[in-house]
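Structure first, commentary second.
Number of protein chains: 2
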Amino acid sequence: MEELDQTDRRILRALRRDGRLSNTKLAEEVGLSTTPCWNRVRALEERGVIEGYTALLNQQALGLPDTVIIEVTLERHDDDMLVRFGEALAGLPEVMEAYLLTGEYDYLIKVAVAGTAGYEEFLRRKLYKLPGIRHSRSTFVLRCLKRAHSVEP
Amino acid sequence: MEELDQTDRRILRALRRDGRLSNTKLAEEVGLSTTPCWNRVRALEERGVIEGYTALLNQQALGLPDTVIIEVTLERHDDDMLVRFGEALAGLPEVMEAYLLTGEYDYLIKVAVAGTAGYEEFLRRKLYKLPGIRHSRSTFVLRCLKRAHSVEP
DNA sequence: GTTGAAAATGCTCGACG
DNA sequence: CGTCGAGCATTTTCAAC
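Line order of the protein sequences matches chains A and B. Just so we're aligned, residue 1 is where the first sequence starts under the working numbering, counting upward by one. Just so we're aligned, residue 1001 is where the second sequence starts under the working numbering, counting upward by one.
Put into C-alpha cells, the structure is as follows:
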C-alpha cells in the first residue's frame, strides 16, 4: 500500500471536517488545481483510504440521548458461538459499536438508549434474549468528551 | 423540539448511508420533489439534528490499525481535576473517543495505535504524562463487529 | 408539495508548462 | 506531475401553480 503524502493528508483532513466539500473548494483549500485534486480523491476512495461519507446525526434529537457501555462474557468460546453472537450484536439497531476483545470480557458494546427505562428494555428485550451470555457489566456514560468518527490524518 | 416524521427519517437514513447525496438524488430517493426536500434538509441542519458531514477514513491506511480500550480512574475527583483531565484526553490525536463514566472507572477512552509498540509509546509519552491517574486498565480490540457513526434513524 | 425554467456551480476533458 | 481553460452536465434556486 502506497504512502500518503502531505497533500493527501490535507485532503483527508479537509474531508473529515466537511465531507460535502466540492472538489473546487477542496482543491482551493489544499492549494491544488481541480484536476489533480480530483484524481487524488478518487484514488483515495479506490484504495479504500476513504471508506465513505456520512451525515452525523444528533442522538438526542433521535430520541436516544443516553449511552451505555456494556461488557459481555460468554459461557463458551467456540468459533461458532463467537461468530453468531457477534452477528446478533451487530444486528441490533441500538448497538452503535461492538468489539471482540482480549482480556476479562469477550465483547464491549456501546448502546444508545432513552434513560434507564430504555436501558432496561434493551437488556430484557434484546440483549438477554441472545443465548450464551455468562455475565455482563454495564456502565452509563455521564458525558461524552470526544467522539471522532475517523482517526486523525 | 419538533418531532421527526417518516419523511425526515428517510432523509436521515439516506444521508447517513451516503453523506454526499445531491439534493436531486436525495429527493428522488425519498419520494419528494427537490424544493421540499431541500427545505427539510436545511431545517434538519439548523435544528441540529444533522450535526455535520464527514468522510470515513480507514484506520489501517493511516498507519494506526489497532484499537485499544483504556479505562482510567483518577486520584481525586474535584471538579477542576475532572474538567482538566477530560480536556487533556480530548486533545490527544490518538484518542478517538473519550467518555466520563459512572461506576468503577472514571473514564473510558478508545485509542488508535500501531501495534503493541505504538500502544506502549502512547502510554508512556501521552497518557502517563497526564497528572492525577490512579489506575488504568487496557484491553486490545481483536475485531470490530460494528461501528456506526450515528444512531439509526 | 409540485412543476419547470433560469442561473450558477461544478465536473471532465482537452492542450500545455 | 502539475496548471489552465472551455464545453458539458448537474444542481441549485426561484418563480408560479
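Here a beta-carbon is modelled for each residue, glycine too, at the ideal position from N, C-alpha and C. Just so we're clear, the structure is a prediction, and the values are computed from it rather than from any experiment.
- Closest by C-alpha distance to residue 1138 (chain B), out of B:1147, B:1146, B:1144, B:1127, is B:1127.
- Listed in chain order, the beta strand (DSSP E) elements of length 3 or more contained wholly in the segment 1075-1145 of chain B are 1095-1101, 1107-1113.
- In the DSSP assignment, the residues bridged to residue 72 (chain A) are A:107, A:136.
- Bridge pairing for residue 1148 (chain B): absent [DSSP].
- Within chain B, the C-beta atoms nearer than 7 Å to that of residue 102 (chain A) come from 1139, 1140, 1142, in chain order.
- The Cβ atoms of residue 1047 (chain B) and residue 1030 (chain B) do not sit closer than 8 Å to each other.
- In the structure shown, the three-state DSSP call for residue 21 (chain A) is coil.
- Annotation for residue 1099 (chain B): 1107, 1108, 1109 place their beta carbon closer than 8 Å to its own, counting only its chain and skipping 5 residues before and after.
- In this model, residue 82 (chain A) and residue 1141 (chain B) are separated by some 14 Å (Cα to Cα).
- Where residue 56 (chain A) is concerned, the enclosing beta strand (DSSP E) starts and stops at 50-57.
- Within chain B, no C-beta atom comes nearer than 9 Å to that of residue 70 (chain A); the closest sits roughly 11 Å away.
- With respect to chain A, the C-beta atom of residue 1149 (chain B) has a partner C-beta closer than 8 Å.
- Residue 1067 (chain B) is bridged by DSSP to B:1112.
- Under the three-state reduction of DSSP output, residue 9 (chain A) falls in the helix class.
- The C-beta separation of residue 1074 (chain B) from residue 1016 (chain B) comes to about 36 Å, leaving the pair out of contact by the 8 Å criterion.
- Close partners of residue 39 (chain A) in chain B (Cβ separation under 8 Å) are lacking, with about 17 Å as the shortest Cβ gap.
- For residue 1036 (chain B), the enclosing alpha helix (DSSP H) has its first and last residue at 1034-1046.
- Of the candidates B:1023, B:1112, B:1145, B:1070, B:1023 places its Cα closest to the Cα of residue 1042 (chain B).
- Using a CB distance below 9 Å, the part of the segment 1046-1058 of chain B facing chain A consists of 1047, 1048, 1049, 1050, 1051, 1052, 1053, 1054, 1055, 1056, 1057, 1058, ordered along the chain.
- The beta carbon of residue 95 (chain A) falls within 8 Å of a beta carbon belonging to chain B, placing the residue at that interface.
- The beta carbon of residue 1018 (chain B) falls within 8 Å of a beta carbon belonging to chain A, placing the residue at that interface.
- A direct Cα-to-Cα measurement between residue 1148 (chain B) and residue 96 (chain A) gives close to 5 Å.
- Contact holds between the segment 1062-1081 of chain B and the segment 1111-1119 of chain B, because three or more Cβ pairs, one in each stretch, are under 8 Å apart.
- Around the C-beta of residue 1003 (chain B), fewer than 16 other C-beta atoms lie within 10 Å, and the residue is accordingly described as exposed.
- Straight across, the Cα-Cα distance linking residue 1072 (chain B) with residue 1122 (chain B) is about 14 Å.
- A direct Cα-to-Cα measurement between residue 1088 (chain B) and residue 1056 (chain B) gives close to 24 Å.
- Comparing alpha carbon positions, the residue from A:150, A:70, A:76 closest to residue 1102 (chain B) is A:70.
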